[in-house]
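**Q** Below you will find the structure I want to go over with you.
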Amino acid sequence: MKAKDLMIPLQEYLEPDNTLKEAANLLRIALRGEEKIGVKALPVLDASGNLIGILSIGDILKAVHPAYMDLMNLGSFAWDGMVETFAQKASGKKVRDLMTSKVITVKEDATLMECIDHMLKNKVKRVPVLNKEHRVTGMLYERDMFYEITKSMINENTGGGK
Amino acid sequence: MTEEVAAATTQVVMGSSFWIATAIFLIAYAVIVSEKIHKTIVAVFGAGVMLILKILEQHEAFHVEEFGIDWNVIFLLISMMVIINLMRPTGVFEYIAVKSAKLGKGEPFRILVIFAIVTAVLSALLDNVTTVLLIVPVTILIADALQVDALPYLISCALASNIGGTATLIGDPPNIMIASKAQLSFMDFIYHLSPIVIIIMVFYVFAIKLIWGKKLKTKEELKTRIMSMEENEAIKDPVMLKKSLFVLAIVLTGFIFHGVLHFQPATVALFGAGLLLLLSKTHEPHHILAEVEWPTIFFFMGLFIIIGGVVKVGLIKWMSVQVLELTQGNMFATSMVVMWFSAFASAFIDNIPYVATMNPLIVDMAKQLWPDLSGTQLLHHADLMPLWWSLALGACLGGNGTAIGASANVIVVGMSEKLGKRISFGKFMLYGMPIMVMTVLVATVYVWLRYYVLKI
Numbered sequence: 175m176k177a178k179d180l181m182i183p184l185q186e187y188l189e190p191d192n193t194l195k196e197a198a199n200l201l202r203i204a205l206r207g208e209e210k211i212g213v214k215a216l217p218v219l220d221a222s223g224n225l226i227g228i229l230s231i232g233d234i235l236k237a238v239h240p241a242y243m244d245l246m247n248l249g250s251f252a253w254d255g256m257v258e259t260f261a262q263k264a265s266g267k268k269v270r271d272l273m274t275s276k277v278i279t280v281k282e283d284a285t286l287m288e289c290i291d292h293m294l295k296n297k298v299k300r301v302p303v304l305n306k307e308h309r310v311t312g313m314l315y316e317r318d319m320f321y322e323i324t325k326s327m328i329n330e331n332t333g334g335g336k
Numbered sequence: 005m006t007e008e009v010a011a012a013t014t015q016v017v018m019g020s021s022f023w024i025a026t027a028i029f030l031i032a033y034a035v036i037v038s039e040k041i042h043k044t045i046v047a048v049f050g051a052g053v054m055l056i057l058k059i060l061e062q063h064e065a066f067h068v069e070e071f072g073i074d075w076n077v078i079f080l081l082i083s084m085m086v087i088i089n090l091m092r093p094t095g096v097f098e099y100i101a102v103k104s105a106k107l108g109k110g111e112p113f114r115i116l117v118i119f120a121i122v123t124a125v126l127s128a129l130l131d132n133v134t135t136v137l138l139i140v141p142v143t144i145l146i147a148d149a150l151q152v153d154a155l156p157y158l159i160s161c162a163l164a165s166n167i168g169g170t171a172t173l174i175g176d177p178p179n180i181m182i183a184s185k186a187q188l189s190f191m192d193f194i195y196h197l198s199p200i201v202i203i204i205m206v207f208y209v210f211a212i213k214l215i216w217g218k219k220l221k222t223k224e225e226l227k228t229r230i231m232s233m234e235e236n237e238a239i240k241d242p243v244m245l246k247k248s249l250f251v252l253a254i255v256l257t258g259f260i261f262h263g264v265l266h267f268q269p270a271t272v273a274l275f276g277a278g279l280l281l282l283l284s285k286t287h288e289p290h291h292i293l294a295e296v297e298w299p300t301i302f303f304f305m306g307l308f309i310i311i312g313g314v315v316k317v318g319l320i321k322w323m324s325v326q327v328l329e330l331t332q333g334n335m336f337a338t339s340m341v342v343m344w345f346s347a348f349a350s351a352f353i354d355n356i357p358y359v360a361t362m363n364p365l366i367v368d369m370a371k372q373l374w375p376d377l378s379g380t381q382l383l384h385h386a387d388l389m390p391l392w393w394s395l396a397l398g399a400c401l402g403g404n405g406t407a408i409g410a411s412a413n414v415i416v417v418g419m420s421e422k423l424g425k426r427i428s429f430g431k432f433m434l435y436g437m438p439i440m441v442m443t444v445l446v447a448t449v450y451v452w453l454r455y456y457v458l459k460i
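Just so you know, the protein sequences line up as chains A and B, in that order. Take the first sequence: its letters are residues 175 to 336, numbered as in our numbering. Take the second sequence: its letters are residues 5 to 460, numbered as in our numbering.
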């Protein structure tokens, strides 16, 4: 099995000028296969379809977390309602300013072990899958990888490759 | 007087090494001011050129006090940085900041004043760069909680840290450098600079009352956000905190008595750093040492070598002759020129290279005025002492003039930008320059009154 066999083919993506509000909404209702149950990250493509970043729900969390809290241990001094205030402030920000622009990708015909290798070494949970023309054709998510692994565990005699 | 000066001028031989060294010095300073290349790189490369061209021999750069690296400054800085790096994770600074905000009862202006005083005191005892690094994040949190503009708190943090840092030997790098060059003790600074810094702080509080007093308002219900913060939760490592406070107490006591006990301040600080490293029981000193601001340390080392070069060829001596000619050897006039020139110079250029240049200049000036004296008799000549204090006051307080005047300002502006609260150069100067002029004026009156009228 290769990356392209396990990926969710690209249906939705974000544009750099989307606001965070639009992006969050799309993340919530994005298609996973047939169902609109949301995804944990979406690729960001520019006008000509090139991959320029990825926005995950972690980036949304970061968008409401003020940078000064990164610098010191101030978590215990936050107040009730702080997240709501910062969420409202952040909703108009642009995807381009909050996305992760250094994207870890895999090629369509990468083996699953290569994909796991990339995910673990780069500490990412979703990777865009690129074709030979460097275009995004789908997204490979950690949890699909997990299902594939459990399948092999439960049904041991299918082990090996196809 | 004028004959003496003329005689001294002739001693400077303006040969090829004089001009080469002067060129290296001027180019290096110009590039540092332009900020085209990182100042540390400029200083280290400039030092390398001084050595490779044999303007300065390596042993002079490393081992001769007059021309070389001032290891006293280097080790004092490194040691204090190590102590603070070990203290920081304990949470003591968050504790102090939150406690101060609660002391202000959630009242925005009262918090501004308390933060200014706390920043000034911490800057006097630690160094002001570290202080602002620790205060700024909490400051913005508090401003956000009270839904007030963070700008007054940020600017005041920088200004108060420079004022507070002026008070002690360890408060601000210029003082560390002056103390080492002039062989002044920690208590000399306490005796001569701390009183005026306290007076200046009083003026400063009135000034910020005038500027921001009426503008900072918040709602009652927001104050409860501050009052419900639990400062004890900030302490992450109470055991290490006790050890740190113990060592800090030893170090500060050591500073107080270093003059009497004939220890250099660096000895005291190095002992403290070593002791706290030992007590921390860390097996990985690597990251503690890696957090030392090495770029600053190397900037100092490079700079000392460059200055050593121009001292050796006589440029500094020549400059000191010019100053004495300008002031006709009148010591009061000289100290006023030193203070005000230092203030404006440090407002626009880094006060570290400035003081590194002024230190030997003042020593050369003293040598021309009292050619028969040497050692502390020369450095501590009653007529020379006000000059050291004028240099310290001018260089430290001058840092407040602009956003680039002191490292603390650069850090505050840089952090604020990163944290989404941009402070433009003009905006900083709008507050910084009047405060600088006011504080230097107060210092001028003090120097005049204390050293030239009352002579105490």
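By construction, the Cβ of each residue, glycine as well, lies at the ideal position given by its N, Cα and C atoms.
Hey, quick one: how far does the alpha helix (DSSP H) through R229 (chain B) stretch, first residue to last?
**A** R229 (chain B) -> alpha helix (DSSP H) spans 224-231.
**Q** Tell me which same chain residues have a C-beta within less than 7 Å of the C-beta of T94 (chain B), skipping the five on either side of it?
**A** I239, K240, D241, M244, L245, S248
**Q** Going by DSSP, name the residue or residues bridged to G312 (chain A).
**A** A:P183, A:V303
**Q** Return the first residue and the last residue of the beta strand (DSSP E) that L229 (chain A) is part of.
**A** 225-230
**Q** What is the DSSP secondary structure of R426 (chain B), reduced to helix, strand or coil?
**A** coil
**Q** If we require 4 or more residues per run, which alpha helix (DSSP H) segments fall completely within the segment 183-222 of chain B?
**A** 190-196, 198-216
**Q** Of all Cβ atoms in chain B, is any one closer than 9 Å to the Cβ of M246 (chain A)?
**A** yes
**Q** Would you check if the distance between the CB atom of N224 (chain A) and the CB atom of R309 (chain A) is smaller than 9 Å?
**A** yes
**Q** Within a Cβ cutoff of 8 Å, which residues of the same chain sit near G227 (chain A), ignoring the five residues on either side of it in sequence?
**A** P190, P217, V218, V269, R270, M273, T274, S275, V277
**Q** Kindly say whether K422 (chain B), judged by its beta-carbon, lies nearer than 9 Å to any beta-carbon of chain A.
**A** At a cut-off of 9 Å between beta-carbon atoms, K422 (chain B) makes contact with chain A.
**Q** So which residues of chain A does V142 (chain B) contact, with C-beta pairs closer than 9 Å?
**A** Y242, M246, L248, F251
**Q** By alpha-carbon positions, which one of A:D233, A:P302, A:D254, A:M313 ends up nearest to A197 (chain A)?
**A** A:D233
**Q** Using a Cβ-Cβ cutoff of 9 Å, what residues of the segment 147-161 of chain B are near chain A? List them in chain order.
**A** D148, A149, Q151
**Q** Check each candidate in A:D283, A:R202, A:N329 and name the one with the smallest Cα separation from N305 (chain A).
**A** Minimum Cα distance to N305 (chain A) is reached at A:D283.
**Q** Is any beta-carbon of chain A found at less than 9 Å from that of T14 (chain B)?
**A** Because T14 (chain B) carries a pLDDT of 46, less than 50, the predicted location of this residue cannot be relied on, and the following value inherits that uncertainty. Cβ-Cβ to chain A under 9 Å: no for T14 (chain B).
**Q** Could you spell out where the alpha helix (DSSP H) holding P269 (chain B) opens and where it closes?
**A** 269-284
**Q** Is F210 (chain B) closer than 9 Å to C161 (chain B) when the C-beta atoms are compared?
**A** no
**Q** Buried or exposed, going by whether 16 or more other CB atoms sit within 10 Å of the CB of W298 (chain B)?
**A** exposed
**Q** Going by other Cβ atoms of all chains shown within 10 Å of its Cβ, with 16 needed for buried, is V444 (chain B) buried or exposed?
**A** buried
**Q** Can you give, in chain order, each stretch of the alpha helix (DSSP H) that sits fully within the segment 234-298 of chain A and has at least 4 residues?
**A** Residue ranges of uninterrupted alpha helix (DSSP H) with 4 or more members, entirely inside the segment 234-298 of chain A and ordered along the chain, are 242-245, 256-264, 269-272, 286-296.
**Q** At a cut-off of 8 Å, would you count T448 (chain B) as near the ligand MG, judging by its Cβ distance to the nearest heavy atom?
**A** Questions concerning the ligand MG fall outside what the structure shown contains, since it holds no ligand whatsoever.
**Q** Do A171 (chain B) and L226 (chain B) have their C-beta atoms within less than 9 Å of each other?
**A** no
**Q** Flag M327 (chain A) as yes if its beta-carbon sits less than 9 Å from any beta-carbon of chain B, otherwise no.
**A** no
**Q** Comparing C-alpha positions only, which one of B:H287, B:F352, B:T361 sits nearest to W322 (chain B)?
**A** B:T361
**Q** Would you say M313 (chain A) lies against chain B (beta-carbon separation less than 9 Å)?
**A** no
**Q** With DSSP as the reference, identify every bridge partner of R206 (chain A), one or two as the case may be.
**A** A:E209
**Q** Around the C-beta of E98 (chain B), are 16 or more other C-beta atoms found within 10 angstroms, so that it is buried, or is it exposed?
**A** Buried, by the Cβ-count rule.
**Q** If the criterion is Cβ atoms closer than 9 Å, does the pair I310 (chain B) and A27 (chain B) meet it?
**A** no
**Q** My output table needs one value for A11 (chain B): the three-state DSSP class, helix, strand or coil.
**A** Only weak support is given to the placement of A11 (chain B): the predicted model assigns it a pLDDT of 46, under 50, and the question is left unresolved by the model.
**Q** Starting from P390 (chain B), trace the alpha helix (DSSP H) in both directions and tell me its first and last residue.
**A** 389-402
**Q** Could you name the residues that DSSP lists as bridge partners for K176 (chain A)?
**A** A:T285
**Q** Does any C-beta atom of chain B lie closer than 9 Å to the C-beta of M287 (chain A)?
**A** no
**Q** Do you know offhand how far T271 (chain B)'s Cα is from L80 (chain B)'s?
**A** 8 Å
**Q** Just reading off the beta strand (DSSP E) that L173 (chain B) is part of, what are its end residues?
**A** Where L173 (chain B) is concerned, there is no enclosing beta strand (DSSP E), given that its DSSP letter is neither H nor E.
**Q** Count the other CB atoms, across all protein chains shown, that sit within 10 Å of the CB of A253 (chain B); report buried if there are 16 or more and exposed otherwise.
**A** When all chains shown are included, A253 (chain B) counts as exposed.
**Q** Would M419 (chain B) count as contacting chain A if we go by Cβ distances under 9 Å?
**A** yes
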